[in-house]
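Numbering (this note's numbering), first residue to last: 10 to 429. Note that beta-carbon positions come from the ideal geometry of N, C-alpha and C, so glycine has one too.
Given below as structure tokens:
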């Protein structure tokens with residue numbers, strides 16, 4: 010009765026699901042955005058000040074990614090046992106405190122220690138919890154909601170990255186770490202404590218769009234494939250392969266500045282390429298989500314992978330063209346849309362919500378472990394061949410494999426039996 014009354018009230022005003030979506034976006038700004046993207050602003054000033062090589066200091070990002078990937082299966086199990094606000098609050102506090110501590114460090118190993126805690130926290134404040142939470146709250150427009158969450162994070166990064174670069178110059182990198190930690194806490198903690206809830210039933214509501222969906226009546230009866238069945242199925246391993254290949258090649262933003270220098274375009278063009286990709290990221294994520302809702306996750310995956318392939322062709326032939334390189338960089342952000350929205354909704358369409366937390370956390374574990382090796386692999390290809398364009402050829406071939414795996418997973422996934 011309460012659910013019916015709540016559903017009736019939700020038609021007269023903005024559904025609470027939209028507030029959860031925005032709050033999740035703010036949490037992502039203060040976690041993934043702050044500690045995976047904006048924190049790169051500290052690499053050069055810190056290494057120069059403490060007297061170590063960039064490669065030595067930035068090893069902490071590899072440790073961070075590895076810990077993040079390894080902890081994802083644990084997060085998937087805890088989602089159904091621990092209240093989501095409690096889980097996310099603990100994760101945010103770990104990330105914030107570990108980052109604030111960096112303001113007092115003087116040796117690279119200290120950053121390595123903090124990266125363990127940040128990685129463990131990011132495992133919870135990432136796609137592993139975003140996708141099932143949005144799936145619970147949105148009976149329709151799930152893909153769009155996931156896309157908006159990532160778009161909010163992208164907008165924050167686009168604004169905050171140059172802002173924190175200026176803050177570091179004005180007050181120094183140590184004080185700037187404390188500012189980053191404080192800003193991140195202010196963005197993330199109110200959202201996870203007061204707004205975000207895992208299921209609409211937790212606050213006496215029904216999912217957004219419930220009236221149009223007769224299949225799902227409650228989270229407890231959510232249909233899907235059991236974890237036991239999924240773990241022994243071919244689609245599970247195919248999806249793990251898809252995520253691994255997507256995450257492993259979704260590191261172009263980090264290598265565009267190097268590419269621009271190598272081909273003679275210069276540092277300014279390299280920066281513009283990153284900016285072009287960041288601006289496209291804001292638009293691509295919600296569009297990718299809407300595409301998934303409208304045409305289905307499989308067609309959406311093929312479409313956005315195809316756009317990525319087009320971007321690689323543009324980049325290959327734009328080694329002497331600043332404008333062409335920027336266009337290629339912007340289009341290449343399609344792969345980031347896939348890692349943010351694409352494979353999440355694709356996996357959801359195959360396995361359903363029943364045990365999605367456990368299934369998807371193990372799938373993404375593979376992807377983030379691969380992501381920690383993506384940049385070294387790309388640099389290795391360039392160094393081994395002496396031609397940076399060969400990196401784009403490699404990624405083009407990988408995209409072909411991704412499409413093949415998507416089609417195979419979709420075909421074999423139809424044989425999986427769903428139950429409540």
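Judged by beta-carbon spacing, residue 155 lies beyond the 9 Å limit of residue 38, meaning their Cβ atoms are not closer than that value. For residue 111, no alpha helix (DSSP H) run applies, since DSSP gives it neither H nor E. Between the C-alpha atoms of residue 266 and residue 240 there is a straight-line separation of about 40 Å.
Here the alpha carbon of residue 32 sits roughly 7 Å from the alpha carbon of residue 204. For residue 362, no alpha helix (DSSP H) run applies, since DSSP gives it neither H nor E. Taking a C-beta distance under 9 Å as the contact criterion, residue 294 and residue 320 do not qualify as a contact pair. As summarised for the stretch 92-141, the continuous alpha helix (DSSP H) elements at least 4 residues long and confined to that stretch are 93-110 and 117-133, given in chain order.
Shown here, residue 305 sits in coil according to DSSP, grouped into three states, outside any helix or strand.
In this structure, the CA atom of residue 411 is about 24 Å from the CA atom of residue 334.
Residue 140 is positioned such that its CB atom lies no closer than 9 Å to that of residue 381. Rounded to whole angstroms, the gap between the alpha carbons of residue 286 and residue 42 is 15 Å. When DSSP states are grouped into helix, strand and coil, residue 217 belongs to the strand group. Contact between the stretch 367-383 and the stretch 318-332 is absent: fewer than 3 CB-CB pairs across the two stretches fall below 8 Å. Distances from the CA of residue 290 to each of 121, 349 and 354 were compared; the closest alpha carbon is that of 349.
When the five nearest sequence neighbours on each side are left out, the beta carbons in the same chain lying within less than 7 Å of the beta carbon of residue 400 are those of 387, 390 and 391, in order along the chain. The Cβ atoms of residue 45 and residue 73 sit closer than 9 Å to each other. Beta-bridge pairing by DSSP links residue 193 to no other residue. Residues of the same chain with a CB within less than 8 Å of the CB of residue 409, apart from the 5 flanking positions on each side, are 318 in chain order.
DSSP, reduced to helix, strand and coil, places residue 353 within a helical segment of the structure shown.
About 13 Å separates the CB atoms of residue 417 and residue 254; that is not less than 8 Å, and the two are not in contact. Counted as a single uninterrupted DSSP element, the alpha helix (DSSP H) harbouring residue 252 occupies residues 243-258. Between the beta-carbon of residue 257 and that of residue 269 there is about 22 Å, and that puts the pair past the 8 Å contact cut. Rounded to the nearest angstrom, the gap between the Cα atoms of residue 252 and residue 351 is 10 Å. Under the rule that a run must span 4 or more residues, the alpha helix (DSSP H) segments found entirely inside the stretch 148-209 read 151-180 and 182-199. Counting other Cβ atoms within 10 Å of its Cβ, residue 48 reaches 16 or more and is therefore classed as buried. Within the same chain, Cβ atoms closer than 6 Å to the Cβ of residue 310 are found at 351, 355 and 415, the five residues on either side in sequence being excluded. Beta-bridge pairing by DSSP links residue 428 to 233.
Rounded to whole angstroms, residue 238 and residue 307 show a C-alpha spacing of 21 Å.
Looking at the backbone, the Cα of residue 296 and that of residue 61 are separated by about 42 Å.
In the three-state reduction of the DSSP assignment, residue 273 falls in the coil class. Here residue 232 is exposed: its Cβ has fewer than 16 other Cβ atoms, across all protein chains shown, within 10 Å. Residues of the same chain with a CB within less than 6 Å of the CB of residue 77, apart from the 5 flanking positions on each side, are 128, 131, 132 and 377 in chain order. DSSP places residue 329 outside both helix and strand once states are collapsed to three, so it counts as coil.
The beta-carbon distance between residue 36 and residue 137, rounded to whole angstroms, is 13 Å. This is too long to meet the 8 Å contact definition. When only Cα atoms are considered, residue 359 and residue 95 end up about 29 Å apart.
When the beta-carbon positions are compared, residue 148 and residue 82 stay at least 9 Å from each other.
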